[in-house]
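Student: Chains as they are written, first to last, in our numbering: chain A, -5 to 315; chain B, -5 to 315. First, the structure itself, so that you have it in front of you.
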């Protein structure tokens, strides 16, 4: 939950007046999302989400994110659509922060996804990859394999305070992944953070994708690998092969995976597990005393990493070998 | 800000199905209010606020609050209207808590009220008092003069850790108020918590009152006294006589105050200041380490109390003597 920024009444009204959305009727802070401040606005023109970008988002990346959402929605992918101000710009400023207005998207995220949801997710993610194919902006993944070592260096000294032997285990895995990380896989726009809370459903049908603030240009199959981790493990840590099969089948009905992509999946899944293990570990060790946000457990991703280390064929993900 | 309770998907859907409001389309936790968990729902039937009542609210009081809102809205007072479930009941349960659904009310609260807002507030409060006149339920004020001493006893020992001499100052004031507290003033439904964040405006016109969870049966002029404190002091502690005059004139245009009510105002304002000083002091001393909610400063109300102690006529509130 997060609403970090207080906005003065007059400032908000002046901001709204730069858009063609009529008078402001209501503004409520939303207790969701941890990176940015989000407000649900009701104006004479409809319902909108106002986002103030807090310091974790690089302002230089915002044109990529906003143009991407606009591009995807023009390709009939359901996602929040950035609203242009009267000067035609998608990106503005409010309360000293970069700010943008997007359309309100109905739908709810599913706290306990079932295989049907995973199938829908697979389909939606493939639609995203296809719709993004002709997007003309690029953004390198700022949390790609080359970025993990510097991140690890910032928390390796205290890693063992979280779990004994963690530093050595990460170091070994990192060395392996740096050596074998696949190159030349089909690449394009990936969401890179397609966790359940970023995927909306209505009556068990996917109704939209949100939160494109990690989106980047990378191997498409890496997005699939992220979702194997984010959607296909149970709360007790067990891998649910039925969900994985449903997700992969949902995906490949829209965009078939190549042989090289199938083969790379276990390594990509290890990499994805390590990426979230590292960022969570960093957050865990960096959280100030008395902070409002409880960091997510890094060890959840250590368990996922270990699972994929034992995978030697896509059979483990529920597919025919 | 507060969303305390996590509601499971299936439980929420089952809850919504007991109302005639169509399918659930969206549910967002609102980062407002400190007492209860509030969610903004979008369903096929419109927009609603779902409230889960947390432990500070006595469940036995809920029928009073919900029936009051229904009564007031039937008298054309703009406030959230409780929605009855298919069984006709206004009060339900969700996630182990009492729960109710009310209509969504447009409007925004004003962080820095101007005299025009105070005038509107006065008018709206008087409309509330008039509309409540024939409400047939009663609820004694659970934070009335007789309740202050027991509250003080719970925090007197540590009061001086907040401000040296505070315990003695409160004790003296309490003894005085217990002796001179006015009796026999016109009584009825009061809101009892009509702070700026509970009063909605649209284009500087009052658009509605919310949060009736302190409403009770008490002296109507006590509500006015609460608002003298909540609306007519500047952030630097100065009393703004222009705002007080605007508020009182707005009120009396709808419901004239009697001579006894005018005369009682300074004492009622002292009592109201002491009531909020005591509850804030209690919260300040009770807040657990690392709590999510920052308690409000009790000393703000010590300053307000001292101001009213020096008032000997309603001239100080901007009115003709």
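Don't be surprised by glycine CBs; every beta carbon is placed ideally from N, CA and C.
Under the criterion of a Cβ to heavy atom distance below 6 Å, does residue 99 (chain A) qualify as lining the ligand ATP?
Tutor: No copy of the ligand ATP appears in this structure; indeed no ligand is present at all.
Student: So, does the CB of residue 78 (chain B) fall closer than 7 Å to a CB anywhere in chain A?
Tutor: False, the Cβ-Cβ gap to chain A never drops below 7 Å.
Student: Name the residues in the segment 10 to 36 of chain B whose C-beta lies less than 8 Å from a C-beta of chain A; which are they?
Tutor: Taking 8 Å as the Cβ-Cβ cut-off against chain A, the residues of the segment 10 to 36 of chain B that qualify are 17, 18, 19, 20, 21, 22, 23, 24, 25, 26, 34 and 36.
Student: Mind checking whether residue 125 (chain A) and residue 66 (chain A) have CB atoms under 7 Å apart?
Tutor: Closer than 7 Å, so yes.
Student: Have a look at residue 76 (chain A) and residue 19 (chain A) and give me their C-alpha separation to the nearest angstrom.
Tutor: One C-alpha to the other measures close to 20 Å.
Student: So, at 7 Å on beta carbons, what are the nonlocal neighbours of residue 204 (chain B) in its own chain, with the 5 sequence-adjacent residues on each side left out?
Tutor: Answer for residue 204 (chain B): 73, 74, 99, 192 and 194, listed in chain order.
Student: Under the rule that 16 or more other beta-carbon atoms within 10 Å means buried, what is residue 68 (chain A), buried or exposed?
Tutor: Exposed, since its Cβ has fewer than 16 Cβ neighbours within 10 Å.
Student: With residue 133 (chain A) and residue 236 (chain A) assumed to form a contact (beta carbons below 8 Å), what rounded beta-carbon distance in angstroms separates them?
Tutor: With 8 Å as the limit, residue 133 (chain A) and residue 236 (chain A) do not qualify as a contact, their Cβ atoms being about 34 Å apart.
Student: Kindly indicate which residue of A:300, A:60, A:245 and A:267 has the alpha-carbon position closest to the one of residue 123 (chain A).
Tutor: When each option's Cα is compared against that of residue 123 (chain A), the closest is A:245.
Student: DSSP on residue 292 (chain B), reduced to helix/strand/coil?
Tutor: DSSP places residue 292 (chain B) in coil when its eight states are reduced to three.
Student: For the alpha helix (DSSP H) containing residue 160 (chain B), name the first residue and the last one.
Tutor: Counting along the chain, the alpha helix (DSSP H) containing residue 160 (chain B) begins and ends at 160 to 174.
Student: Under a three-way DSSP split, which group does residue 229 (chain A) fall into?
Tutor: Coil.
Student: Might you give, ordered along the chain, the residues of its own chain that have their beta carbon closer than 6 Å to the beta carbon of residue 175 (chain A), omitting 5 neighbours on each side?
Tutor: These residues qualify, in order along the chain: 139.
Student: Could you confirm whether any beta carbon from chain B is found closer than 7 Å to the beta carbon of residue 105 (chain A)?
Tutor: At least one chain B Cβ lies under 7 Å of residue 105 (chain A).
Student: Where in the segment 107 to 142 of chain A do unbroken runs of the alpha helix (DSSP H), each at least 4 residues long, occur, reported from the N-terminal end onward?
Tutor: Taking only runs of at least 4 residues, the alpha helix (DSSP H) segments lying wholly in the segment 107 to 142 of chain A are 109 to 125.
Student: Looking at residue 154 (chain B): is its Cβ nearer than 7 Å to the Cβ of residue 160 (chain B)?
Tutor: Cβ distance < 7 Å, so residue 154 (chain B) and residue 160 (chain B) count as in contact.
Student: Taking all protein chains shown into account, do 16 or more other C-beta atoms lie within 10 angstroms of the C-beta of residue 45 (chain A), making it buried, or fewer, making it exposed?
Tutor: Its Cβ being crowded by 16 or more others within 10 Å, residue 45 (chain A) is buried.
Student: From the beta carbon of residue 102 (chain B), is the nearest beta carbon of chain A less than 7 Å away?
Tutor: So, interface residue.
Student: Where do the N-terminal and C-terminal ends of the alpha helix (DSSP H) with residue 256 (chain B) fall, by residue?
Tutor: 253 to 280 is the extent of the alpha helix (DSSP H) around residue 256 (chain B).
Student: Output, in chain order, the set of chain A residues within a Cβ distance shorter than 7 Å of residue 89 (chain B).
Tutor: None at all; the shortest Cβ gap to chain A is about 13 Å.
Student: Give the secondary structure of residue 50 (chain A) by DSSP, where H, G and I count as helix, E and B as strand, and everything else as coil.
Tutor: Residue 50 (chain A) falls in the coil class under three-state DSSP.
Student: Within the chosen definition, does the segment 168 to 185 of chain B reach the segment 92 to 108 of chain B through at least 3 CB pairs nearer than 8 Å?
Tutor: Flag = no, the segment 168 to 185 of chain B and the segment 92 to 108 of chain B do not touch.
Student: Please classify residue 281 (chain A) as buried or exposed, where buried requires at least 16 neighbouring CB atoms within 10 angstroms.
Tutor: By the neighbour-count rule (16 or more Cβ atoms within 10 Å), residue 281 (chain A) is not buried but exposed.
Student: Is there contact between the segment 162 to 174 of chain A and the segment 26 to 42 of chain A, where contact requires at least three CB pairs shorter than 8 Å?
Tutor: Because the criterion of three Cβ pairs below 8 Å is not met, the segment 162 to 174 of chain A and the segment 26 to 42 of chain A do not touch.
Student: Answer with yes or no whether the minimum CB distance from residue 3 (chain B) to chain A is below 7 Å.
Tutor: Yes - at least one Cβ of chain A is within 7 Å of the one on residue 3 (chain B).
Student: DSSP state of residue 188 (chain B), grouped into three classes?
Tutor: It is coil, neither helix nor strand.
Student: Which residues in chain B have a C-beta closer than 7 Å to the C-beta of residue 196 (chain A)? List them in chain order.
Tutor: Result: 19.
Student: Would a C-beta distance cut-off of 7 Å place residue 56 (chain A) and residue 209 (chain A) closer than the cut-off?
Tutor: Contact: no.
Student: Is the segment 260 to 272 of chain A touching the segment 292 to 308 of chain A, taking contact as three or more C-beta pairs under 8 Å?
Tutor: Yes, they touch.
Student: Which residue from B:253, B:116, B:41 and B:5 puts its Cα closest to that of residue 239 (chain B)?
Tutor: Of B:253, B:116, B:41 and B:5, the residue nearest in Cα terms is B:116.
Student: Does residue 243 (chain B) come out as helix, strand or coil in the three-state DSSP assignment?
Tutor: Note: residue 243 (chain B) maps to helix in three-state DSSP.
Student: Does the Cβ-Cβ distance between residue 215 (chain A) and residue 179 (chain A) come in under 7 Å?
Tutor: Taking 7 Å as the Cβ cut-off, residue 215 (chain A) and residue 179 (chain A) qualify as a contacting pair.
Student: In chain order, what residues of the same chain have a beta carbon less than 6 Å from the beta carbon of residue 213 (chain A), not counting five sequence neighbours either side?
Tutor: Once the five neighbours on either side are set aside, the close Cβ partners of residue 213 (chain A) are 179 and 181.
Student: Can you give me the start and stop residues for the beta strand (DSSP E) that residue 78 (chain B) sits inside?
Tutor: Note, residue 78 (chain B): premise wrong, no beta strand (DSSP E); not H, not E.
Student: Have a look at the DSSP bridge pairing and note the partners of residue 92 (chain A).
Tutor: Partner(s): A:87.
Student: Can you say whether residue 288 (chain A) is buried or exposed, counting buried as having 16 or more other CB atoms within 10 angstroms of its CB?
Tutor: Exposed.
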